[in-house]
Every structure is written in structure tokens, then in C-alpha cells.
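Start counting the sequence shown at 16; every next residue gets the next number (this note's numbering).
Backbone N, C-alpha and C fix where the C-beta goes; we use that ideal spot for every residue, glycine too.
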Amino acid sequence: MLANPYYNSLRMTMDEFGIEILEEMETEPGEELLEEYWLIERIAKARVVEDLETFRKRYHVIEPQISNEEAGLLFSIYEDVRHKLIYSPGSDVFEKLMNSVMGVMNDYSIKINDDLFLKMLYYFVRDFLGLGIIEPILYDENVEDISCDGYSIPVFVYHRKYGNMSTNIILEKDILDNYVLLLSQRANKHLSYSNPIVDATLPDGSRIQITYGSEISTRGSTFTVRKFREEPFTPIDLMNFGTISSRILAYFWLLIEHKRNVMVIGETASGKTTTLNALLMFIPPDSKIVSIEDTREIQLYHDNWIPEVTRLSIEGQEIDMYDLLRAALRQRPEYIVVGEVRGREAQTLFQAMATGHASYATFHAGDVDQLIHRLEEEPLNVPRVLIQYLDAVAIQGRHVTRTEKKRRIKAVFEILGIEGETKELLLNPVYRWDSSTDRFIESSSSTKLDMISQSTGLTMTEILEELDRRTRFLEMLMERNVSKYRDFVKFVSLYYTNPEMAFEELEVLEV
């Protein structure tokens, strides 16, 4: 979530008034408090509770409290404040908002205490200068997505620690219909009864899917927000989470450096894009990259990068991933990234692999057999002779027990070619995850590394020594907590230039 700067102004105003607007609240009877933390410092909190009878967990958003009478006052002046804010002179938006609220109060000869004024100011900042009702949740780094399934149904969140939970936010018909229209406007998309489905990107980069009214979704308007991280997860973060091992990362680092083609596959919400984005940080710093997505999720630190997104039909001119991929091949990229393959662009992507363009993508499939089957069938129709140009497949999954939820790279396969008589694809299982010990095991030696050895003139012993060296380098980065995006990429870039210096700079960092 990109921070809303106006909350800083609100906190400064609170300090001037000497008032705190968020009051302490007791846990409801029959609930046990599991965790409580700030969403917006001094302004809004998250509280996770467990029902002592049903043992179901709930996520409560704690905001400044106002009475029903005070809420009625806020709603009654809502449009007047909006109108004054739009037409007020000046460049300081927060000051304009304060003056607009005070101006409306004077117009109606309404007197309120400072405490209520600041609370109302919060709600105007949230709704006029932010994303409204769900904005505090967007600040929660623990929440991966937010979904509303219809009228008068609690909004749900997916929490990294606690999984799916209902919230204390419930939207009635008129409020929800107006709110999804607001979200679509903030995403610069048109939503109406004639165009009731929208896929878009919010200003902070989060992905949102909206349906409007009851014709498409019979329970009413809906929205689902997939959270965007301003600071993407790095390979070190994935190591800390236990998603992948240093050895497997070093293996992919070598493949990516030598322009081998890789896909990350898995089921819904298994973390495919997060893992792919982390692996792409191993691309050499000055390489030319073109990324192609429906909505922006790939985040790279490379300067020589062209990020492209599809465009819905405007006067009959729709630009889809197939169009962008065809255009990308004329831009002479060294690396092509496709956010998720699911349509006719698949054939062009595999043709790009066959012609020497290093290509990377995610794909919705639970295992390699499903991947091959889906690629060969309608509507993708990728010939098996092209599938063999995919070098490696990382299979990611979610492992859920009663007490914990893990995302893990379950296996890594190499595709070695096509067997002459049976025409079956030859697969080499290189790594696998052992769920009983939560460890990654090397299943067999890598044929792809042997091919890199042959193409570079390095001996296999030298390749394996480099694999060991990069494994140790990644472990040192983890030991020294070099997990920030830019810091990590800086060290990878230095390693490409001068490995010895990269190790030396790491050595002097405190553990």
C-alpha cells in the first residue's frame, strides 16, 4: 500500500489539538484477543479475535468511534464538503479539506467539539483522499487479499498467519453499489449495468476485480482486491519463509544468467507471481527485458525494462497479450516475461523460446502433467515439439494444516526433449520438497547445468563449484538480513561484476 501522506497531516493536527482520536476498546464477551496491531499509526488498528464457542477467527478494523447521531451529521454534510473541497483554491489539499469542513459547519451554524472534528476529518481523508471503507486493511502487510461477496455479507480477508477471516465491515446494497463505482473510478475504469465486470489496477498497484449489480453475481455487487506490495519479496524473503532453499535459488540463478526458459506453475493463490518476481531479480543488470501482463504485478529494478499491459477494447481496438508479445519480439529483448499464460499468446511465447529468447511465465497447473495437457489442448494448442524448449518448471503449492499455512516449491523438473519412439516428453526431477521434514531434497543431477557446461566451455566441476559459491552467497545475504529489494539487487549486480568484491562487502556487514 502506498502511504497516504494526509494521515501524517492528520497526526500533526492531532498533536496541535492535543487529542487522540482512537479510543481503547474492550474485547467482546465470548471472544479471545489473539493479536492487535496498528494499521495506521495512532489512527486505525487491526484486531484478530477468536470466538470461544465456534473457534472461528475474526478480523476487526478498529477506527475512530462516532455515535449514530454523529454519523448522521457526517453523512448530512458529506456532499457539501466534497463540493467545497473541489472548488476551494490553494494547493495544500489537507488544509483545503479542513477549511471545507469548517466552512460547511459555519454555513449550517453547527458547533462541534475538537474531538469530533478530528474524527470527522479522518473519515473525510479516508473517503475523499484515500480508497474509502477498506483503506485501513490495505495498510496491513499481513493481508494478501480482501473480498466482498455481496450485499449485507461481511467483507473477508486472507491473512498470512490466520487464513480466511470475516471482518466487522458489512456493506448494504446502496453503500456497496456506490462503493464499487468509486473503486472503478479510482482505477480509471468504466463500470455500469451495461459494463458490469471490471478488472483493473488501483492507484497503489493492487489488482481489483469488480462485478456490479445482481445480474452477474446474484448476491449483489462484489469486489476482490489482491494486495500490492510496494517492496516486492526478494529471494531472501522466500528463503526466510521457507518457500525455497538457497540451493534451488542458486540453480535458477545459473539458468537465468544463461538464458534458460523457466515457468512457475501452481494452483490459485499458491504464490506463483511472487516467486517469479523474486527469480527475475537474478537477471543481469543491463539486460533488455520486456514484461507483458493484464495488470501490472511484475516489479523489476532494471533500467532497461519495458513493462507492457493489455488494453480493453476502445472503439474496436483491443490489445491483448498476444498482440503485445508479437510486438515485443520486434523490440529485440533478451528476456521476455509473461505474467500469466492462458490464451493464444502461449504459441507465440513457445516460438520465442525456440528462437532463442529467454522466456519466463507463470501458469495455472498443479503438476507437470497438467501443464503439458493444458498447453496441448484448446485453446492454447502448443505443439509438443515446442514444449520441449521449456527448460525448467518450478511447481509451487500451498501446504495447509490445522495450525499453519505454508507456501513451498514442491518440485523442480527439467524438460529434456522428446523420446524418439513414444513421443513422450522426457522429464528430469531435480529437486523435491519433503513435507514430513519440511526440507528440500536433490532428486537427481541437473542435465541443464551439464548443457550450460558444454555451451560455455566450463567443466561440470567448475559449474558445480559456482553453484556452491552462489548458494553460500545467498546464505550470507540471509544471515546478514539483506532482504530489502534494492539492497539485494545491488549485491546481485556486484556479484556479476566482481564476485570477490561482493563477498568482501558482505563479510563486513554485521550478522
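{"Check": "Per-residue burial, LYS287 [other beta carbons within 10 Å of its own, 16 or more giving buried]", "Outcome": "buried"}
{"Check": "Paired residues, beta bridge with ILE185 - DSSP", "Outcome": "PRO169"}
{"Check": "TYR138 burial status per 10 Å Cβ neighbour count (16 or more: buried)", "Outcome": "buried"}
{"Check": "Start-end ranges of the alpha helix (DSSP H) lying completely within the segment 284 to 370, minimum 4 residues", "Outcome": "287 to 294, 336 to 344, 360 to 369"}
{"Check": "Separation of GLY354 from PHE378, as counted between CA atoms", "Outcome": "9 Å"}
{"Check": "Exposure of GLY105, with buried meaning 16 or more beta-carbon neighbours within 10 Å", "Outcome": "exposed"}
{"Check": "Beta-carbon proximity list for PHE248, same chain, < 6 Å, skipping 5 on both sides", "Outcome": "THR289, ALA293"}
{"Check": "Contact the segment 196 to 214 vs the segment 292 to 307: 3+ CB pairs below 8 Å", "Outcome": "no"}
{"Check": "Environment of TYR510 [buried if 16+ CB atoms lie within 10 Å]", "Outcome": "buried"}
{"Check": "Residues bridged to ARG454 [DSSP beta-bridge criterion]", "Outcome": "ASP449"}
{"Check": "VAL530, DSSP secondary structure in three states", "Outcome": "Residue 530 lies beyond the residue range present for the chain, which begins at 16 and ends at 526; the question has no answer from this structure."}
{"Check": "Three-state secondary structure (DSSP) of VAL507", "Outcome": "helix"}
{"Check": "For TRP53 and ARG484, the rounded distance between their alpha carbons", "Outcome": "41 Å"}
{"Check": "Contacts around ASP382, its chain only, beta-carbon distance under 7 Å, and the 5 residues preceding and following it disregarded", "Outcome": "ILE410"}
{"Check": "Start-to-end residues for the alpha helix (DSSP H) that takes in GLY432", "Outcome": "Not the alpha helix (DSSP H): GLY432 falls in the beta strand (DSSP E), residues 420 to 433."}
{"Check": "For PRO348, the nearest candidate out of ALA367, GLU333, LEU269, LEU191 (CA to CA)", "Outcome": "ALA367"}
{"Check": "Within 9 Å, strictly: CB atoms of TYR177 and LYS242", "Outcome": "no"}
{"Check": "Three-state secondary structure (DSSP) of TYR74", "Outcome": "strand"}
{"Check": "Burial state of ALA380 (16 or more Cβ within 10 Å)", "Outcome": "buried"}
{"Check": "Assigned secondary structure, GLN411 (DSSP; H/G/I helix, E/B strand, else coil)", "Outcome": "strand"}
{"Check": "Cβ shell of LYS425 (< 6 Å), same chain only, five flanking positions each side left out", "Outcome": "ILE410, GLY412, TRP448"}
{"Check": "Sequence-distant residues of the same chain with beta carbon closer than 7 Å to SER285, five excluded per side", "Outcome": "GLN411, GLY412, ARG413, ARG422"}
{"Check": "Beta-carbon separation (whole angstroms), GLU360 vs LEU340, contact threshold 8 Å", "Outcome": "5 Å"}
{"Check": "For SER374, the first and last residue of its enclosing beta strand (DSSP E)", "Outcome": "373 to 379"}
{"Check": "Residue range of the alpha helix (DSSP H) that includes PHE238", "Outcome": "Taken as a continuous stretch (DSSP letters only), PHE238 belongs to no alpha helix (DSSP H), being part of the beta strand (DSSP E) at 237 to 241."}
{"Check": "Helix, strand or coil at ASP164 according to DSSP, with G and I counted as helix", "Outcome": "coil"}
{"Check": "Which residues DSSP lists as bridging ALA61, in chain order", "Outcome": "TYR52, VAL76"}
{"Check": "Stretch pair the segment 259 to 273 + the segment 455 to 462: three plus CB contacts closer than 8 Å", "Outcome": "yes"}
{"Check": "As assigned by DSSP and simplified to three states, the class of VAL119", "Outcome": "helix"}
{"Check": "Simplified DSSP state of ARG26, which is helix, strand or coil", "Outcome": "helix"}
{"Check": "Cut-off 8 Å between Cβ atoms - residues of its own chain near ALA517, not counting five sequence neighbours on either side", "Outcome": "PHE488, PHE506, LEU509, TYR510"}
{"Check": "For GLU272 and GLN200, the rounded distance between their alpha carbons", "Outcome": "42 Å"}
{"Check": "Reference VAL400; option with closest CA among GLN362, ALA373, HIS174", "Outcome": "GLN362"}
{"Check": "Beta-carbon proximity list for TRP268, same chain, < 6 Å, skipping 5 on both sides", "Outcome": "PHE297, ARG485"}
{"Check": "Coil, strand or helix - PRO398 by DSSP", "Outcome": "coil"}
{"Check": "Separation of ILE127 from GLY281, as counted between CA atoms", "Outcome": "55 Å"}
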